[in-house]
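Residue numbers (this note's numbering): 58 to 257. All C-beta atoms, glycine included, are put in the ideal place defined by N, C-alpha and C. Structure first, commentary second.
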């Protein structure tokens, strides 16, 4: 930077955990402005400097902190990550009546390995609550999401007529839905994947 070298040490388990720490490791004091990105998915972001809240100088999505930085100064950025439902524009016909799931910066999806075949027949009720938990094996140290949903199915459907008059040939049964981070799908063999889920 203009007045010397500003060395930062960043620690945390983002994007799985909500807290990130930025420590100043420069031996000599340096006057400089740091700009921290405050993502739009997190309206409740909190920033502290050495344990005290930082004055909110936010411009174009960045929090600007200007000061003379000294070794040991620590910024703590807390980005709460509740599971959020994402809806498409009503003109996007292929996602009408559907919902996507996001936690923090990550979009999640359903995969056949966890939820069985025919993901298009799964439904996520509006009142369903989400449970976030740490995965195992391939998903060790990653956060997965579950919610109680439903699966619409019919016995021996492959031998039924394609169309039915007046009476629906299928019924809905309870099923736990498991969502994994979208970027990590297709690592457990061939199978279906779905981001946009039917909602009722």
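query	result
Would the beta-carbon of residue 82 fall within 8 Å of that of residue 112?	no
Could you tell me which whole beta strand (DSSP E) segments of length 3 or greater appear in the region 171-205?	179-181, 187-191
For residue 238, write down the residues that DSSP places opposite it in a beta bridge.	165
Using only CA atoms, which one of 172, 120, 240, 141 lies nearest to residue 134?	120
Using only the alpha-carbon positions, how far apart do residue 256 and residue 141 sit?	14 Å
How would you call residue 90, buried or exposed, if buried means at least 16 neighbouring beta carbons within 10 angstroms?	exposed
Contact check, residue 161 vs residue 136 under 8 Å by CB: the rounded distance?	7 Å
Exposed or buried, residue 65, counting other C-beta atoms within 10 Å across all chains shown (16 or more means buried)?	exposed
DSSP beta-bridge partners for residue 79?	67, 132
Where DSSP assigns a beta bridge to residue 207, which residues make up the other side?	180, 231
What did DSSP end up calling residue 121 once you bin it into helix, strand or coil?	strand
Given a cut-off of 8 Å on the beta-carbon distance, is the pair residue 208 and residue 179 in contact?	yes
Could you tell me if residue 215 is buried or exposed, where buried requires 16 or more neighbouring beta carbons within 10 angstroms of its beta carbon?	exposed
Give the single residue among 126, 138, 237 whose Cα lies nearest to the Cα of residue 95.	138
Which residue marks the beginning of the beta strand (DSSP E) containing residue 101, and which one marks its end?	Neither: residue 101 is in no beta strand (DSSP E) and is coded neither H nor E.
Once the 5 residues before and after residue 125 are set aside, which same chain residues still bring their CB inside 6 Å of it?	86, 88
Could you round the C-beta distance between residue 157 and residue 253 to whole angstroms and report it? I think they count as a contact, below 8 Å.	6 Å
Would you check if the region 162-177 and the region 187-197 touch, i.e. whether three or more CB-CB distances between them fall below 8 Å?	no
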